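Under my numbering, residues 907 to 1132 are what the sequence shown spells out, in order.
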Amino acid sequence: MSKVTLKAIHKIYDDGYEAVRNINLDIKHGEFLVLVGPSGCGKSTTLRMVAGLEEISKGEISIGERTVNNIPPKDRNIAMVFQNYALYPHMSVYDNMAFGLKLRKFPKSEIKERVEKASEILGLDALLKRKPKALSGGQRQRVAMGRAIVREPDVFLFDEPLSNLDAKMRVEMRKEILQLHRRIDTTMIYVTHDQIEAMTLGDRICVMNVGVIEQVGPPTVIFDHP
Ligand code: ADP
Ligand code: ADP
907 MSKVTLKAIH KIYDDGYEAV RNINLDIKHG EFLVLVGPSG CGKSTTLRMV AGLEEISKGE
967 ISIGERTVNN IPPKDRNIAM VFQNYALYPH MSVYDNMAFG LKLRKFPKSE IKERVEKASE
1027 ILGLDALLKR KPKALSGGQR QRVAMGRAIV REPDVFLFDE PLSNLDAKMR VEMRKEILQL
1087 HRRIDTTMIY VTHDQIEAMT LGDRICVMNV GVIEQVGPPT VIFDHP
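Pasting the structure below:
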């Protein structure tokens, strides 16, 4: 579990477009912070800079006590969950969850222990031998989260993880994500354009609009006084 600090962050894309302008954010240990705002306002760009998937044009991001500007994604101790689950279709649920740890040469016994713990948390125990195509959308998203959990990251990043699910499943998965946050007690940064999702999930909400932060505060403050 780590704090995450964004200091005067800017992102200027190669075509000259400034997608993020002077973002300052202090995200506390174990906090669930939601970045919300209309499509194109720079949420994903911001998250991807925290993940190391996008270069920071100006400013400084730190995770824990460490400045990560020049640290590659795999060394940042973060895990990211996307809307398209990006599961390996030919691998079982178990192997999808185990894959990242295998790459990192974890011992088999440790892999098994972590995958089993994650499946228990996510209710995937009975599905470990299935292939992704034999799963529902919600189950696939659970596997994608499982893949992130087994890494035991300091920080969890979510980029619109529920936007491919139907309304009923979205409500269910919101509950699961909250439960997950309670159980593993990790710092979470969650991107969505959905205000209800933001309100139900966030300890604190950061409202973005056209590259800048408009408001930061607890959900009641943000949505009671538009
Ligand atoms: P959001 O996640 O809020 O929908 P994004 O961070 O994806 O917004 O995008 C912010 C802005 O940056 C948008 O106007 C988008 O078109 C632009 N953008 C995103 N990626 C690139 C890129 N690779 N090159 C140029 N502009 C980009
Ligand atoms: P490997 O991962 O090298 O194929 P393992 O002995 O770890 O060998 O696992 C063999 C297969 O059994 C794996 O591909 C995995 O899909 C499945 N498996 C392993 N452990 C479990 C488990 N606890 N529950 C369900 N399936 C499992």
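Where a beta carbon is used, it is the ideal one built from N, C-alpha and C, also for glycine. Source: prediction; values computed, not measured.
Assignment of G1123 by DSSP, reduced to helix, strand and coil, places it in the strand class. The C-beta separation of G948 from A985 comes to about 22 Å, leaving the pair out of contact by the 8 Å criterion. Three or more beta-carbon pairs separated by less than 8 Å link the segment 1059 to 1072 to the segment 973 to 992, which places the two stretches in contact.
Short note on V1118: C-beta not closer than 7 Å to any heavy atom of ligand 1. CA-to-CA, the gap between M997 and K1037 works out to about 6 Å.
Distance from the C-beta of V1097 to the nearest heavy atom of ligand 1 is below 7 Å. Taken through DSSP and simplified to helix, strand or coil, N1002 comes out as helix. In this structure, the alpha-carbon of L1071 lies about 26 Å from that of T1126.
Beta-bridge pairing by DSSP links M1114 to I1119.
It is roughly 44 Å from the alpha-carbon of I1119 to the alpha-carbon of K1035. Taking C-alpha positions only, K913 is separated from I967 by approximately 6 Å. Close CB contacts of A1024 within its chain, under the 7 Å cut and outside five residues either way in sequence, are with M1003, G1052, I1055 and V1056 (chain order).
Listed in chain order, the alpha helix (DSSP H) runs fully inside the segment 971 to 1015 are 999 to 1009, counting runs of at least 4 residues. With a 10 Å radius around the Cβ and a threshold of 16 neighbouring Cβ atoms, G1029 comes out exposed. Between T1093 and K909, the gap from beta carbon to beta carbon is short of 8 Å.
For T973, the number of other beta carbons within 10 angstroms of its own is below 16, and it is reported as exposed. In this structure, C1112 has its CB at a distance of at least 7 Å from all heavy atoms of ligand 1.
When secondary structure is reduced to three states using DSSP, I1017 falls in the helix class. Annotated three-state conformation of K1023 is helix, per DSSP. In the structure shown, G1052 adopts helical secondary structure according to DSSP, grouped into three states. If you look at I929, you'll find it in the beta strand (DSSP E) that goes E924 to I933.
About 18 Å separates the CB atoms of L939 and R1089; that is not less than 8 Å, and the two are not in contact.
Going by DSSP, K917 is part of the beta strand (DSSP E) stretching over V910 to I918.
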